[in-house]
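Protein chains in written order, with this note's numbering: chain A, 28 to 401; chain B, 28 to 401. Glycine included, every Cβ here is placed at the ideal spot set by N, Cα and C. Structure record follows, encoded as structure tokens.
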DNA sequence: TACGTTCATGTGAACGGTCACACACTCGTC
DNA sequence: GACGAGTGTGTGACCGTTCACATGAACGTA
């Protein structure tokens, strides 16, 4: 029933491509047509062949037109474009992909999208991809279990995406264990160093050093740190920056507090710190935890910045409106997204990019949550 | 270069259909090859035919196996599965889509993804879609201009997605003006009432009424409102709920303040309200603006909730950690995502869902930003 | 013994494009 | 006046599946 033979359109094949303007005019479909719609389709959307038939050329010529081939006479092109418009023709991506071997789709593999950073990075990815003519598909996993990740990879591979961006900032994720075809271009965001994939990294260490040194420079004798969960590249980098700045000042680091990125864990760390009179400066691994800390400090009767100075990391939009406005380290997530696409397209197009591991800078944004001690 | 004739296998054009088991056995390239990987592929990923050849059946049988057809002998199935495993075969989605007419991909059309609500909804969409065997593709626009939206729609249509979820809470967006094929299932999240698409809506009005009545119930003589930008369904619904609650109490609504959802606009509205002694209760259209308001009130020396009561909308994760913890109206974004997928799948599978316009409830979450006046 | 059934597998034709090449024309050139 | 070089357009094969149907073997049953 589906596969019916092409059948008597009644129109004899025209030999002279007259390009008759009169015809074009009379047939101008600019008029307000019946409410039903412009394409009186029998069911299946129009194909190259339908357009070809209507405009009196072969499907190949139509193909040339939709691909902007220069080898088409202007007159012909116009005729074809009119037919395309009239029929509401849109090329079939699946057929294209099958024939050409390229899908013009990029895959993003991530571990959940509710954190602020991910969607923001995604925006960068999406916009950069779009301007290069690519669409973006997501395959998420909430759990960083290998099995789930494999499944997500399969979804992408089955779709034959032209490239993959891997947002998997967990140290435990072994990129090489993922069932990615060796020929598939891959770019990792944060992490997976040493493996075959190139990566975009954020200058975590630099930002953390700047934050810690800022507090030290204010005159604090020591700086406490609320770290992110173990196993994250981000946590590690930030802790490292903090340690290195302290080491440089020859200060023995105080005990490390560890959170899980969430507000609550920052709050809990804050309960502990509230009781410690010597804790006059705290560098928190992200703004969310910093918010929790701020609240705990407030409840504990310790004023910020008079009694305790706080520096966060991320520069979320709300950081400027916290109580007090939070001094923090800004990360350019959008740029991360853009850069990762750039890198990926380089791989796809066989360009050998000079830098395989671009570092996106961070910068300290001073607001009102820090002050000299006393 | 790509289309090289099948060559140098030494095998003369075989007249016997490929299913020759003997040949398959001798020619089995399944031998343990160099550590490089399991598939000694010449370039192109393995296809049904490759698997068929290796396992001594026809491509059709392999097709049956990967589609779990019951009409395959167990022994055969095992043999095929082994070959699939050995070759690392993965079905080609494009070819599948072309032949079957279904892509198993759902499209999401939105206007940017950095707001909290969108990614959260997206998560719901993604997880529900995944468990139904669908992948999700995004087509974003930052600008709600029709031209940009059309382009995004085209990206989805060209991909031949099986259905579309439209996140476009702007009243001005005319769904029917989008170049969506009439046969394509579409579900809108919030809005676009009256058009051919079904929609998932959030009980904005109910939530707002609850918020306003709560403030009134506390003894406030009046309730001010900081609304979202004009042109959003959300803004409208929240304003409506507020108005209706006031009307019910026979209170003349105070002048409306209008923001743009951002922290800053809430802050600015707050500067105004700080100077107004009679403004003892404020219902803000979202938590972000509420945060700005809180900050402005603090700077203006007005205590919350002692001098001014504040209720927000959304229940962002940070609401509980604001200063003071914010009483707000909770929206279940994740559920919105799930519901929209459910509705969409109903359309795709031709199920006639009982409800075409499910309403996701909201609920007032009491915290510490409200109190009786004085 | 012949014969319809059932189960397992094979066959050929789509699906809607792209690719490499072949085929007319129309020129300018010697 | 035949010839090589563009142009623009057509032709056939192929991409990797699914679909509808054909075929063949094993099995009762008349």
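Run down chain B in chain order and give the residues with a C-beta less than 9 Å from the C-beta of residue 73 of chain A. Numbered from 1 along the first chain, position 46 holds the residue referred to as residue 73 of chain A. Proximity of chain B to residue 73 of chain A at the Cβ level (cut-off 9 Å) is not reached, the minimal Cβ distance being about 10 Å.
Residues in the segment 109 to 124 of chain B having any Cβ partner in chain A nearer than 9 Å: 115, 117, 118, 119, 120, 121, 122, 123 and 124
Assign residue 240 of chain A to buried or exposed, taking buried as 16 or more other Cβ atoms, counted over all protein chains shown, within 10 Å of its Cβ. Position 213 of the first chain, counting from 1, holds the residue named residue 240 of chain A. Result: buried.
Give a yes or no on whether the minimum CB-CB distance between residue 208 of chain B and chain A is below 8 Å. What you label residue 208 of chain B is simply residue 181 of the second chain in a count that begins at 1. Yes, because at least one Cβ of chain A sits closer than 8 Å to the Cβ of residue 208 of chain B.
Please report the straight-line C-alpha distance between residue 333 of chain A and residue 400 of chain A, rounded to a whole angstrom. Translated into positions along the first chain, residue 333 of chain A becomes position 306. Translated into positions along the first chain, residue 400 of chain A becomes position 373. Taking the straight line joining both Cα atoms gives about 7 Å.
Could you have a look at residue 312 of chain B and say whether DSSP puts it in helix, strand or coil? What you label residue 312 of chain B is simply residue 285 of the second chain in a count that begins at 1. It is coil, neither helix nor strand.
Could you pull out every residue in the same chain whose Cβ sits closer than 6 Å to the Cβ of residue 132 of chain A, ignoring the five residues on either side in sequence? Locating residue 132 of chain A in the first chain gives position 105, where the first residue counts as 1. Closer than 6 Å at Cβ, skipping near neighbours: 162, 164 and 188.
Exposed or buried, which one is residue 315 of chain B when buried takes at least 16 other CB atoms within 10 Å? Within the second chain, residue 315 of chain B is the residue found at index 288, counting from 1. Residue 315 of chain B should be labelled buried.
Is any heavy atom of the ligand GDP found at a distance shorter than 7 Å from the C-beta of residue 180 of chain B? Within the structure as shown, the ligand GDP is missing, as the structure has no ligands at all.
Return helix, strand or coil for residue 88 of chain B, following the three-state DSSP convention. Along the second chain, one-based indexing puts residue 88 of chain B at 61. If DSSP states are grouped into helix, strand and coil, residue 88 of chain B belongs with the helices.
Quick one: list the residues of chain B neighbouring residue 163 of chain A, beta-carbon separation under 9 Å, in chain order. Working through the first chain from its first residue, we reach residue 163 of chain A at position 136. Within 9 Å Cβ-Cβ: 164, 165, 166 and 167.
The segment 80 to 94 of chain B: which residues have C-beta closer than 8 Å to a C-beta of chain A, in chain order? none
Residue from A:335, A:373, A:86 and A:249 with nearest C-alpha to residue 302 of chain A: In the first chain, counting from the first residue as 1, residue 302 of chain A sits at position 275. Considering only alpha carbons, the answer is A:335.
Are three or more beta carbon pairs between the segment 95 to 113 of chain B and the segment 151 to 159 of chain B nearer than 8 Å? no
Under 7 Å (Cβ pairs) to chain B, residues found in the segment 167 to 191 of chain A: 167, 181, 182, 184, 185, 186 and 187
In terms of alpha-carbon separation, which member of A:376, A:390 and A:396 lies closest to residue 159 of chain A? Along the first chain, read from residue 1 onward, the residue named residue 159 of chain A stands at position 132. The candidate whose alpha carbon is nearest that of residue 159 of chain A is A:376.
Can you list, in chain order, the residues of its chain whose CB lies under 6 Å from that of residue 374 of chain A, leaving out five sequence neighbours each side? Residue mapping note: residue 374 of chain A aligns to position 347 of the first chain, counting from 1. 212, listed in sequence order.
Taking residue 365 of chain B as the query, report the chain A residues whose CB atoms sit under 9 Å from its CB, ordered along the chain. Position 338 of the second chain holds residue 365 of chain B. Under the 9 Å cutoff, chain A gives no residues; its nearest Cβ is about 14 Å from residue 365 of chain B.
DSSP beta-bridge partners of residue 229 of chain B: By one-based count along the second chain, residue 229 of chain B stands at place 202. B:387, per the DSSP bridge assignment.
Taking Cβ positions, are residue 324 of chain A and residue 286 of chain A nearer each other than 8 Å? Your numbering for residue 324 of chain A matches position 297 in the first chain. Your numbering for residue 286 of chain A matches position 259 in the first chain. Not in contact: residue 324 of chain A and residue 286 of chain A (Cβ atoms no closer than 8 Å).
Assuming contact is defined by CB atoms lying nearer than 8 Å, are residue 214 of chain A and residue 227 of chain A in contact in what I supplied? One-based indexing of the first chain puts residue 214 of chain A at position 187. One-based indexing of the first chain puts residue 227 of chain A at position 200. In this structure, residue 227 of chain A lies closer than 8 Å to residue 214 of chain A by Cβ.
Can you tell which of B:270, B:310, B:115 and B:267 has its C-alpha closest to the C-alpha of residue 396 of chain B? Residue numbering aside, residue 396 of chain B sits at position 369 when the second chain is read from its first letter. Closest option to residue 396 of chain B, Cα to Cα, is B:310.
Are the CB atoms of residue 138 of chain A and residue 195 of chain A within a distance shorter than 8 Å? By one-based count along the first chain, residue 195 of chain A stands at place 168. By one-based count along the first chain, residue 138 of chain A stands at place 111. Contact flag set, yes.
Give a yes or no on whether 8 Å exceeds the smallest Cβ distance from residue 59 of chain B to chain A. Numbered from its first residue, the second chain carries residue 59 of chain B at position 32. Low confidence applies to residue 59 of chain B: its pLDDT is 25, below 50, so where it sits in the model is not reliable, and the reading given next is rough at best. No, residue 59 of chain B lies away from the interface with chain A (no Cβ there is under 8 Å from its Cβ).
Using DSSP with H/G/I as helix, E/B as strand and the rest coil, what is residue 192 of chain A? What you label residue 192 of chain A is simply residue 165 of the first chain in a count that begins at 1. Looking at residue 192 of chain A - three-state DSSP - the assignment turns out to be strand.
Taking only beta carbons into account, state which residues of the segment 223 to 246 of chain B come closer than 9 Å to chain A, listed in chain order. none
Measuring only between beta-carbons, confirm whether residue 64 of chain B sits less than 8 Å from chain A. Position 37 of the second chain, counting from 1, holds the residue named residue 64 of chain B. Caution applies to residue 64 of chain B, whose pLDDT of 34 falls short of 50 and renders its modelled position unreliable; the value that the coordinates give is listed next. So, interface residue.
From residue 89 of chain A to residue 99 of chain A, what distance separates their C-alpha atoms? Counted from its first residue, the first chain places residue 89 of chain A at position 62. Counted from its first residue, the first chain places residue 99 of chain A at position 72. Residue 89 of chain A and residue 99 of chain A: Cα-Cα distance of roughly 9 Å.
Looking at C-beta atoms only, is the number of pairs between the segment 347 to 363 of chain A and the segment 385 to 395 of chain A that lie closer than 8 Å three or more? yes
Nearest neighbour of residue 136 of chain B, chosen from B:117, B:184, B:116 and B:105 [CA to CA]: If you number the second chain from 1, residue 136 of chain B lands on position 109. Residue 136 of chain B has its Cα closest to that of B:184, out of B:117, B:184, B:116 and B:105.
I need the DSSP call for residue 253 of chain A, collapsed to helix, strand or coil. Here residue 253 of chain A refers to the residue found at position 226 when the first chain is read from its first residue. Residue 253 of chain A falls in the strand class under three-state DSSP.
Per DSSP, residue 136 of chain A is paired with what? Here residue 136 of chain A refers to the residue found at position 109 when the first chain is read from its first residue. According to the DSSP secondary-structure assignment, residue 136 of chain A is paired through a beta bridge with A:166 and A:193.
Using a 10 Å radius around the Cβ and a threshold of 16 neighbouring Cβ atoms, would you call residue 87 of chain A buried or exposed? The residue you call residue 87 of chain A lines up with position 60 of the first chain. Exposed, by the Cβ-count rule.
Could you tell me the alpha carbon to alpha carbon distance between residue 92 of chain B and residue 238 of chain B, rounded to whole angstroms? Your numbering for residue 92 of chain B matches position 65 in the second chain. Your numbering for residue 238 of chain B matches position 211 in the second chain. Computed Cα separation, rounded: 57 Å.
Which whole runs of the beta strand (DSSP E) in the segment 295 to 355 of chain B are 3 residues long or more, in chain order? 308 to 311 and 336 to 341
Keeping to the same chain, check which residues put their C-beta closer than 7 Å to that of residue 384 of chain B; ignore five residues upstream and five downstream. Counting from 1 along the second chain, the entry for residue 384 of chain B is found at position 357. The answer, listed in chain order, is 225, 226 and 228.
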